[in-house]
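Its first residue numbered 23, the sequence shown is counted upward by one per residue in our numbering.
No residue lacks a Cβ here, since even glycine has one placed at the ideal position from N, Cα and C.
A quick note: this is a predicted structure, and the numbers were derived from the prediction, not measured.
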Amino acid sequence: MKPFALLSKLSKKYVRALSLTILTMLGLVGAQLLIPWLIRSLINTLSLSPLPNDTMAFVTRLSLVALAVFIARGFMQYLRSYQAHIAGWGVVADARKLVYQHLQRLSLRYYEDKQTGQLMSRVINDTELFEQMIAHSLPEVIVNLITLIGITAILVTMSPKLTLLSLIPIPIIIVTLILYSKLVRPAFRYRQRELGELNAVLNDSISGVREIKAFAHEDMAMEKVGSKIETYLNSNLRALKLMATFTPIYDFAAGLGQLVVIYFGSKLAMQGALQIADLVAFFLYLDSFYQPVRNLSNAWEGVQQSLAGFERVAEILDETADVPEPAEPKLLSQPNRWEIRFENVTFFYNQDEIVLKDINLDIPSGQTVALVGPTGVGKSTLASLIPRFYDVCEGRITLDGVDIRELDTKALRSAISIVLQDVFLFHGTIRENILFGNPDASEQDMFEAARIANVDEFVSHMPEGYDTLIGERGVKLSGGQKQRISIARAVLKNSPILILDEATSAVDTETEALIQQALNRLIAGRTTLIIAHRLSTIRNADKIVVLEGNTIRESGQHEELLAEQGLYHKLYTVQQRFT
């Protein structure tokens with residue numbers, strides 16, 4: 023998406039506020055042009071000899087007009103500032119929503135090589151530059167162009183020759199502006215990228231503070247963060263240095279213009295070709311003449327900074343979702359059998375790294391199928407294909423005979439509960455984290471889910487019970503406690519399809535027994551896929567599927583696979599030897 027196309031899309035909602043901003047800015051331009059004209063009229067009147075009888079009345083009228091202009095200018099300044107910020111910060115809020123909404127549409131594949139801090143920088147820091155563009159830079163460009171045209175027209179009426187001479191510095195400023203824009207925009211884009219890098223390193227360092235302390239790597243972390251801070255500082259100073267080069271050039275050009283008017287204006291006045299009042303007004307307008315040029319450069323600088331942010335935001339919005347919504351999504355059939363079938367499924371992250379090849383697997387309605395195999399054979403990837411975290415590269419997966427790519431993705435995922443080995447809990451209370459499974463559930467349903475998942479076993483010992491704050495990612499809880507909260511979520515969601523990804527692999531034997539008890543309650547009556555590390559936990563599965571390499575090597579029930587003396591027998595024997 024082009025930056026200005028994005029700008030147009032976001033600003034449509036704020037046309038009224040932007041229109042008021044530009045109208046009040048034009049009013050301010052009118053006030054700015056009127057004051058020197060009033061002074062010119064005053065000097066012309068006071069230069070008459072003898073003075074007219076109504077001179078004092080004329081001066082009074084001019085003073086009242088000036089007073090009215092000053093009052094109106096104050097009101098317009100307020101209106102301009104407020105309306106500009108309504109539009110500017112409104113666009114920022116809408117841009118942040120748009121970017122976050124788009125990020126939610128992207129599959130997990132997009133996030134695999136992205137840093138959280140970098141993405142946060144795009145959502146927060148880069149979108150904040152939109153306010154500068156909407157509320158300041160673009161209105162300033164429009165108004166200052168109009169101001170420049172208006173002042174030029176007034177100067178021409180007073181002295182075309184002197185006006186032409188006062189334009190001598192303009193080419194210097196324009197050439198500088200062109201060169202400036204070619205250098206500054208890349209510099210600010212680089213600065214924004216370095217800010218994203220700094221956010222990313224800070225996010226990693228704060229999230230990994232336990233590991234940093236455990237390995238006594240505080241100095242190394244400080245050096246890494248400090249290096250990024252210095253890099254951002256240098257990139258920022260480089261961009262600001264480029265900005266600063268324009269000011270002395272502008273001051274020189276403006277001074278040159280004033281010198282031209284002093285010399286040639288005085289000469290014309292001495293020759294009687296220019297009235298003193300016009301020369302005074304010319305000087306007053308001249309300052310206002312060069313000011314729009316300077317304002318245009320500042321506004322253009324703001325445009326360059328904003329465009330750097332726009333481009334970084336547009337990069338995200340241009341990312342296409344590789345798990346697209348179907349054009350006409352099919353609804354889940356009623357009543358559902360919840361039968362899942364893999365038909366010749368192949369999946370790869372790239373052509374040289376095939377993770378799964380020609381997978382054919384049935385998970386019958388209401389039955390439990392377990393996936394086992396060595397580490398890295400694609401068990402978790404296979405499970406991630408069912409809720410369409412990724413899409414298959416070849417073949418298809420069906421739910422009750424319908425290709426899941428034809429179903430509404432949200433409805434599909436609502437029908438699936440997932441319990442992972444690496445549980446993610448949000449900063450908040452135990453109650454809030456359980457209710458994440460179903461925010462509309464009643465208090466009684468939440469308590470029942472906690473009971474089924476054996477959460478109440480440890481919550482009852484906490485002074486604040488379910489209102490206990492658990493910290494970021496559940497840092498105040500043990501691994502087993504976090505796992506049971508995750509199971510309670512799944513119970514509360516009450517989905518007919520269940521995926522368990524090594525849900526008991528990282529806990530002690532006593533905790534495993536509590537979790538396994540909770541899982542047995544959860545599995546009852548559901549179509550379940552279990553990824554198992556401890557083979558003793560899946561002995562009662564309806565079918566066990568053994569993966570090796572990138573395909574299915576064996577399948578059957580526990581006793582059948584042991585009797586075959588194959589890979590499953592080898593894995594099971596090794597585990598039994600060390601338990």
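Counting only runs of 4+ residues, the alpha helix (DSSP H) found wholly inside the region 346 to 415 occupies 401 to 407, in chain order.
The beta carbons of Asn256 and Met142 sit no closer together than 7 Å. Under a 10 Å Cβ-count criterion, Pro314 is classified as buried, with 16 or more other Cβ atoms of the shown protein chains found around its own Cβ.
Taking C-beta atoms as the reference points, Thr595 and Gly388 fail to come closer than 7 Å.
For Ser181, the closest C-alpha among the options Asp380, Arg334 and Leu296 is that of Leu296. Restricting attention to alpha helix (DSSP H) runs no shorter than 4 residues, the region 514 to 593 encloses them at 531 to 545 and 580 to 586, ordered along the chain. Per the Cβ contact rule, the region 235 to 254 is not in contact with the region 290 to 307 (fewer than 3 Cβ pairs under 8 Å).
Rounded to whole angstroms, Ala266 and Arg260 show a C-alpha spacing of 10 Å. By the criterion of a C-beta distance shorter than 6 Å, Ala275 is surrounded in its chain by Pro191, Ile194 and Ile195, once the five residues flanking it on both sides are discounted.
Burial check for Ile228: the Cβ neighbour count within 10 Å stays below 16, so the residue is exposed.
The shortest CA-to-CA distance from Gln505 to any of Ile173, Ile474 and Pro485 is the one to Ile474. If you look at Val441, you'll find it in the beta strand (DSSP E) that goes Ile438 to Leu442. When Cβ pairs closer than 8 Å are counted between the two stretches, the region 420 to 429 is seen not to touch the region 397 to 406, the count staying below three. Looking at Leu278, His158, His449 and Trp59, the one whose alpha-carbon comes closest to that of Ala88 is Trp59. Spatial neighbours of Val283 in its own chain (CB-CB distance under 7 Å, excluding positions within 5 residues in sequence) are listed in chain order as Leu184, Ser188, Phe304, Phe305 and Leu308. Per DSSP, the beta bridge partners of Arg418 are Glu365. Counting along the chain, the unbroken alpha helix (DSSP H) around Leu259 starts and ends at Glu240 to Ala266. Residue pairing from DSSP places Val424 in a beta bridge opposite Leu421.
Fewer than three Cβ pairs drawn from the region 573 to 588 and the region 432 to 445 lie within less than 8 Å of each other, which leaves the two stretches out of contact.
Secondary structure at Leu73: coil, using DSSP grouped into helix, strand and coil. Listed as beta-bridge partners of Thr451 by DSSP are Leu491. Checking the DSSP bridge columns, you'll see Leu429 partnered with Lys352. Nearest in C-alpha terms to Thr169, of all of Pro348, His555, Glu465 and Leu48, is Leu48. For Gln293, the three-state secondary structure derived from DSSP is coil. Counting the other Cβ atoms within 10 Å of the Cβ of Gly279 gives 16 or more, which makes it buried.
The region 489 to 506 makes no contact with the region 456 to 471, as fewer than three CB pairs between them are under 8 Å. Judged by DSSP in its simplified three-state form, Glu153 adopts helix. For Gly112, the secondary structure class from DSSP, reduced to helix, strand or coil, is helix. Setting aside the 5 residues that flank it on each side, Thr253 is surrounded in the same chain by Glu216, Glu219 and Leu220, each with a C-beta closer than 8 Å to its C-beta; the list follows chain order. Runs of the beta strand (DSSP E) lying entirely within the region 87 to 148, each at least 3 residues long, are absent. The residue from Asp374, Ile44 and Pro348 with its alpha-carbon nearest to that of Met98 is Ile44. Rounded to the nearest whole angstrom, the C-alpha separation of Leu520 and Glu361 is 12 Å.
Within its own chain, the residues whose Cβ lies closer than 7 Å to the Cβ of Gln327, once the five positions on either side in sequence are excluded, are Leu151, Gln154 and Phe210, listed in chain order. Counting other Cβ atoms within 10 Å of its Cβ, Phe332 reaches 16 or more and is therefore classed as buried. Ala39 carries a helical assignment under DSSP once its states are collapsed to helix, strand and coil.
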